[in-house]
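Q: Under my numbering, the first residue of the sequence shown is numbered 613, with each subsequent residue one higher.
This structure is in structure tokens; I'll ask about it shortly.
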Amino acid sequence: MVEVDSLLHAGYHNPVQRPWQIERTLTKGALMYPIFITDEADSLIPIPSMPNQYRIGINRLEGFIEPLVAKGLRAVMLFGVPNDSVKDEFGTAADDPSGPVILAIKLLKSKFPELLVSCDVCLCEYTSHGHCGHLNSDYTIDNTASVKRIAEVAVNYAKAGADNVAPSDMMDGRMRAIKQ
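Written out as structure tokens, the structure reads:
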């Protein structure tokens, strides 16, 4: 049996991703549209540093994404951007079943089943201290606890229907933990 960490062809399972594996010129079909999903359900808040990008609430998501899909959008990347009231020391809201990312995954997969839905996996937006993991008492990163939590979040996104998870946290060992 091949060890899980040696498999490099995971991108071939989805037809949207197959063309990404070959050499070619850049086309719109090779791009993912970033969606910054917030826990404020009716929000559509402009992001000043990113023209034409918004913090989007779940109640606005379908109407926002529908015309883009009609124009040929095939893939999105969800980034959870909750308000400060749900943040805590451990990032427990990251995979809350009633939280913005899991609700967005379910909505997008039900309304646009051919859309490839990827999710950023990181705890920094969900922690009160802003780090991508758990902290020790001396404020250094507790890598073991962080990796365990990041893997839990990734698995819960996949269970909700995400086609891909994309950990951006940089914790040593997180890919192996997610795959296991």
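Where is the CB? At the ideal position from N, CA and C, for every residue including glycine.
All values reported here derive from a predicted model rather than from experimental measurement.
Are at least three pairs of beta-carbons, each pair with one atom in the region 714-734 and one in the region 688-701, less than 8 Å apart?
A: Short answer: they touch.
Q: Taking only three categories from DSSP, how would you classify aspartate 708?
A: Counting from 1 along the sequence shown, the entry for residue 708 is found at position 96. Note: aspartate 708 maps to coil in three-state DSSP.
Q: One question on the structure: do isoleucine 657 and phenylalanine 724 come within less than 8 Å of each other, judged by their Cβ atoms?
A: Indexing the sequence shown from 1 puts residue 657 at position 45. Indexing the sequence shown from 1 puts residue 724 at position 112. Their beta carbons are not under 8 Å apart, which means isoleucine 657 does not touch phenylalanine 724 by this criterion.
Q: Assuming proline 779 and alanine 766 make a contact with CB atoms under 8 Å, what is their CB distance in whole Å?
A: On the sequence shown, position 167 is the one that residue 779 refers to. On the sequence shown, position 154 is the one that residue 766 refers to. With a Cβ gap of about 6 Å, proline 779 and alanine 766 count as contacting.
Q: So, with DSSP's three-state summary, where would you put arginine 667?
A: On the sequence shown, residue 667 is found 55 positions in, with the first residue counted as 1. Residue state, collapsed to three classes: strand.
Q: Give every residue of the same chain whose Cβ lies closer than 7 Å to the Cβ of proline 712, excluding the five residues on either side of it in the sequence, and list them in chain order.
A: As a working note, residue 712 is residue 100 in the sequence shown. Within the same chain, proline 712 has close Cβ partners Ile649, Thr650, Asp651, Ile670, Gly692, Pro694.
Q: Check each candidate in Glu737, Ile714, Leu685, Arg686 and name the one with the smallest Cα separation from glutamate 701.
A: Translated into positions along the sequence shown, residue 701 becomes position 89. Measuring from the Cα of glutamate 701, the nearest candidate turns out to be Glu737.
Q: Are the beta-carbon atoms of arginine 667 and aspartate 654 separated by less than 8 Å?
A: By one-based count along the sequence shown, residue 667 stands at place 55. By one-based count along the sequence shown, residue 654 stands at place 42. Their beta carbons are not under 8 Å apart, which means arginine 667 does not touch aspartate 654 by this criterion.
Q: Sort out for me which residues DSSP pairs methionine 644 with in a bridge.
A: Position 32 of the sequence shown holds residue 644. The partner list for methionine 644 (beta bridge, DSSP) is empty, contrary to what the question assumes.
Q: Check each candidate in Pro631, His743, Asn626, Leu685 and name the one with the smallest Cα separation from proline 646.
A: If you number the sequence shown from 1, residue 646 lands on position 34. Answer by Cα proximity: Leu685.
Q: Assign serine 710 to buried or exposed, taking buried as 16 or more other Cβ atoms, counted over all protein chains shown, within 10 Å of its Cβ.
A: Position 98 of the sequence shown, counted from the first residue, corresponds to residue 710. By the 10 Å Cβ count, serine 710 comes out exposed.
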